[in-house]
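Colleague: So the sequences go chain by chain: L and C. Quick note: the first sequence uses this note's numbering, first residue 1, plus one each step. Quick note: the second sequence uses this note's numbering, first residue 1001, plus one each step.
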Amino acid sequence: MERPPRLELLERRLVFVTGKGGVGKTSVAAALGLLASSRGQRTLLVEIDAKGALNDVFETGPLAFEPREIAPNLFAMAMDTEESLKEYLKLQLRIPLLARIGPLAKSLDFVATAAPGVKEILTVGKIAWEVKERHYDLVVVDASATGHVVGQLAAPEAINDLVKVGRVRDQTRWMLDLLSDPAITGAVVVATPEEMPVTETLELVDRLEAETQVPLAAVVVNKVLPELFGRGEQEVFDRLCGPALADPLAAAAGGRVAPVLDGARLAVTLRRTRAEHITRLRTQLPTDMPLLYVPYLFTRSHGVRATHNIADALGAELGY
Amino acid sequence: MAAPAPPAPSGLHQLLATREIIITCGSGGVGKTTTAAAVAAMAAAQLGGKVLVLTVDPARRLATALGLERFGNVETRVPPELFTAAGVQPQGELWAAMLDTKESWDELVRAHAPDAETREAILANPLYRNITGKFVQSHDYIAMERLYEIHRSGRYDLIVVDTPPTRNAIDFLEAPERMAEFFSSRLLRWLITPARSRLVSAASKPFYTIADRILGSQFLADIAEFFVLFQTMYDGFVERADAVTRTLSDRRTSFVVVSTLEEGPVREAQFFMTELRRRELALGALVLNKVLPDWFGDDAACEVATRLTNEPDTAAAALTATAPDVGEPEQVARVLREIGQSFLDYRIVATREREQAAELGRHAGVVVSAPYLDHDVADLEGLLALGRRIW
């Protein structure tokens, strides 16, 4: 079957960013949010795990359920299923017992442990609600890591299968419509060029396809190391490393060069092994899957400065 | 009276020699699985006895190396020939098993169900299948449960556990408590009361009314049915969860925190180590993984690298004057500039890493570092090589 032409990533209204732990999915989600907002889109960034990672990449202090504008056009919030439930009850059921909802939400949080999917639906539901109501042009979600995200994204379907009647079932229909529409929703999987992240990315791409209705929008390859040498330069480097040149090289450079050569050798090896993993990723993904490359950042820290750098790199990859 | 605590270990070898359970924790992507397998392999090789590594989801080549691809949940012995091939005469045996969540839950149900009919009813229940398969929290508990089960069997001298990729490491620690709490809850009791009397009580309790309205009474009935079945295993479960919790704080158990020196994993490790202390659980060691080599800290080398970066033409001219064979001066200059710049780039990262290591190291008695390896560990030889670096 012919696939419909792919939309530009940020033309969608809802983007889930996921990937194996440690690959930098929070940085990529933050950077996408920053990029979109700087292009004039009113953007909401949602942190699911409440680990404070988004705070680290923006250095804006702890986030709350209530969205806060952390840069022009860029709003950020931390998911909280209890708060999400309170909001849902307020909006949907018009329950007059607002004062008593606190302990109620706590108990229901408890049901969530037992009744599968309740917690997930409160998370996905809140996000989908923001999209449906068009409170923002774009919602970017720093979603759960590989192990959890499928369960989360499949929650509306699972609930739809399990719950035959009731309010929750009524709610899952529009969520599914929204989540499964490639013109609205897209998942972005972040990988680093290493064995496990690439393997997990390929598996996750399959699982998203098989178990959820959320369309895959792009794969981001993060922390791509630079190529050190151009044509013919590797041979020069190999000669420089030979014992015969140790003394003349030290004289020319004004000191012992061995550690610098060792450093370059390590850089070359790392680059080479990582390139193999990139090749594996590229050859095993569907050919029309957009791959976006973000370079490894040799920076002092991972704060807001690094987020801007990643946003610039992604912007260049998207042709902005 | 409690037995005296084991002496404080001075290295991983001593820690592993004096404990029965080692639990490796840390955020995703830091090399937890490989580290767990490496220390288990070292323990089997050097300390002897029967050592089991219980992993969650190893890289495929590592799984193959450990013989896990075919056996999975069942413990399998790593053939001694693999040690011999790696040039090691092992003192003991290395066994491996991979956690299969679904299979482990099924076993648990089989062990605790009062009769065959209940057992089959539970295994066939769609909610049960969803809880064990699709939804997230069951992983943490079942890993703990399986560890407990194997430890209690007394089949192994040492069990090294690789923890599941939890949303945060604390979920894993809290899993048994949460499970026990859940089975003792008021809510559960309410759910398993017959629907008719629940409606009566619903009149006086707005919570239940709302629960019915949100979830639909049919769904609640489904849940209730499932828990009525599950309730038959109540005593076994609660008792089990308590025992699992006790195992964690047993003095024979020790936690090993694995981290790279990147921002996210460091923060997670720090948080986790604080939580361990708060819960009076034993932090045995900190393993720092993928650490850049020391020589990036060499100040003299930094000066040389700076000179090569800023004045590559001068250096290239001087070099090609004495050794013309090395290449065209322009090309040599480009190479010198590139390697100088690369050294300075990596030095920034290495400096940051050293600060992170110093900060993290304050929390742990035993701190070991594993170098950045230029390839993934994929066989026993690789595991032992890594193991020796951190032993």
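In this text, a Cβ means the ideal position worked out from N, Cα and C, and glycines have one as well.
So residue 153 of chain L and residue 124 of chain L are supposed to be a Cβ contact under 8 Å. How far apart are they, rounded?
Modeller: 7 Å
Colleague: Quick one: residues in its chain with C-beta nearer than 6 Å to the C-beta of residue 1061 of chain C, no 5 flanking neighbours on either side, listed in chain order?
Modeller: Counting only Cβ-Cβ distances below 6 Å, and skipping sequence neighbours, we find 1378.
Colleague: Closest to residue 1289 of chain C by CA distance: which of C:1112, C:1075, C:1086, C:1390 is it?
Modeller: Ranking C:1112, C:1075, C:1086, C:1390 by Cα distance to residue 1289 of chain C puts C:1390 first.
Colleague: Within 8 Å of any Cβ in chain C, is that where the Cβ of residue 53 of chain L sits?
Modeller: yes
Colleague: With respect to the alpha helix (DSSP H) encompassing residue 1310 of chain C, which residues constitute its N-terminal and C-terminal limits?
Modeller: 1299-1310
Colleague: Taking 8 Å as the threshold (beta carbon to beta carbon), is residue 79 of chain L in contact with chain C?
Modeller: No, because no Cβ of chain C sits closer than 8 Å to the Cβ of residue 79 of chain L.
Colleague: Any idea what DSSP makes of residue 119 of chain L, helix, strand or coil?
Modeller: helix
Colleague: Is any beta-carbon of chain L found at less than 8 Å from that of residue 1203 of chain C?
Modeller: Annotation note: pLDDT 46 at residue 1203 of chain C (below 50); position unreliable, no value reported.
Colleague: Considering only residues of the same chain and omitting the five flanking positions on each side of residue 61 of chain L, which have a CB-CB separation below 7 Å?
Modeller: 55
Colleague: In terms of residues, what are the limits of the alpha helix (DSSP H) holding residue 1027 of chain C?
Modeller: Careful: residue 1027 of chain C lies outside any alpha helix (DSSP H) and carries neither H nor E.
Colleague: Report yes if the C-beta distance between residue 1366 of chain C and residue 1285 of chain C is below 8 Å; otherwise report no.
Modeller: yes
Colleague: My output table needs one value for residue 1050 of chain C: the three-state DSSP class, helix, strand or coil.
Modeller: strand
Colleague: When burial is assigned at 16 or more other CB atoms within 10 Å of the CB, is residue 1322 of chain C buried or exposed?
Modeller: Exposed: under 16 other Cβ atoms inside 10 Å.
Colleague: When you compare the CB of residue 199 of chain L with every CB in chain C, is at least one pair closer than 8 Å?
Modeller: yes
Colleague: Taking the beta carbon of residue 1031 of chain C as the centre, do at least 16 other beta carbons fall within 10 Å, making it buried, or is it exposed?
Modeller: buried
Colleague: Taking Cβ to Cβ, would you say residue 259 of chain L is nearer than 8 Å to residue 1298 of chain C?
Modeller: yes
Colleague: Please state whether DSSP places residue 1170 of chain C in a helix, a strand or coil.
Modeller: helix
Colleague: Does residue 1136 of chain C have its Cβ less than 8 Å from a Cβ in chain L?
Modeller: Caution is warranted here: a pLDDT of 45 is assigned to residue 1136 of chain C, below 50, making its placement in the model unreliable, and the coordinate value is therefore given only provisionally. By this cut-off, residue 1136 of chain C is an interface position.
Colleague: What are the residues in the segment 175-207 of chain L lying within 8 Å of chain C by C-beta distance?
Modeller: 192, 194, 195, 196, 197, 199
Colleague: Using a beta-carbon distance cut-off of less than 7 Å, what residues from the segment 1329-1348 of chain C approach chain L?
Modeller: Taking 7 Å as the cut-off between beta carbons, the residues of the segment 1329-1348 of chain C near chain L are 1331, 1332, 1334, 1335, 1338, 1339, 1340, 1342, 1343, 1345, 1346, 1348, in sequence order.
Colleague: Thinking just about the alpha-carbon of each residue, which of C:1076, C:1100, C:1293, C:1225 is nearest to the one in residue 1141 of chain C?
Modeller: C:1100
Colleague: Need the endpoints of the alpha helix (DSSP H) that residue 202 of chain L sits in, please.
Modeller: 195-211
Colleague: Could you confirm whether any beta carbon from chain C is found closer than 8 Å to the beta carbon of residue 229 of chain L?
Modeller: yes
Colleague: Could you work out which residues of chain L lie near residue 1296 of chain C, taking near to mean beta carbons separated by less than 7 Å?
Modeller: 263, listed in chain order.
Colleague: Check the Cβ-Cβ distances between residue 302 of chain L and every residue of chain C, and say whether any is below 8 Å.
Modeller: yes
Colleague: On the DSSP bridge assignment, give the partners of residue 293 of chain L in chain order.
Modeller: Bridge partners of residue 293 of chain L according to DSSP: L:221.
Colleague: Can you name, in chain order, every residue of its own chain whose Cβ lies under 6 Å from the Cβ of residue 1144 of chain C, other than the five neighbours on each side?
Modeller: Beyond the five residues adjoining it in sequence on each side, residue 1144 of chain C comes within less than 6 Å, by CB distance, of 1175, 1176, 1244 in the same chain, given in chain order.
Colleague: Less than 8 Å between CB atoms is the rule here; does residue 56 of chain L satisfy it with respect to chain C?
Modeller: yes
Colleague: For chain L, is any of its Cβ atoms less than 8 Å away from the one on residue 1265 of chain C?
Modeller: yes
Colleague: Give a yes or no on whether 8 Å exceeds the smallest Cβ distance from residue 1140 of chain C to chain L.
Modeller: no
Colleague: Using 8 Å as the limit for Cβ to Cβ distance, is residue 961 of chain C near chain L?
Modeller: Since the displayed chain C opens at 1001 and closes at 1391, residue 961 of chain C lies outside it and no answer follows.
Colleague: Using the beta-carbon of each residue, which ones in chain L are nearer than 8 Å to residue 1084 of chain C?
Modeller: Per Cβ cutoff of 8 Å: no residues; residue 1084 of chain C is ~26 Å from chain L at best.
Colleague: What would DSSP say about residue 24 of chain L, mapped onto helix, strand or coil?
Modeller: coil
Colleague: State the Cα-Cα distance for the pair residue 1349 of chain C and residue 310 of chain L, rounded to the nearest angstrom.
Modeller: Using only the alpha carbons, I get a separation of about 17 Å.
Colleague: DSSP on residue 47 of chain L, reduced to helix/strand/coil?
Modeller: strand
Colleague: Rank C:1339, C:1089, C:1358 by C-alpha distance to the C-alpha of residue 238 of chain L and give the top, closest one.
Modeller: C:1339
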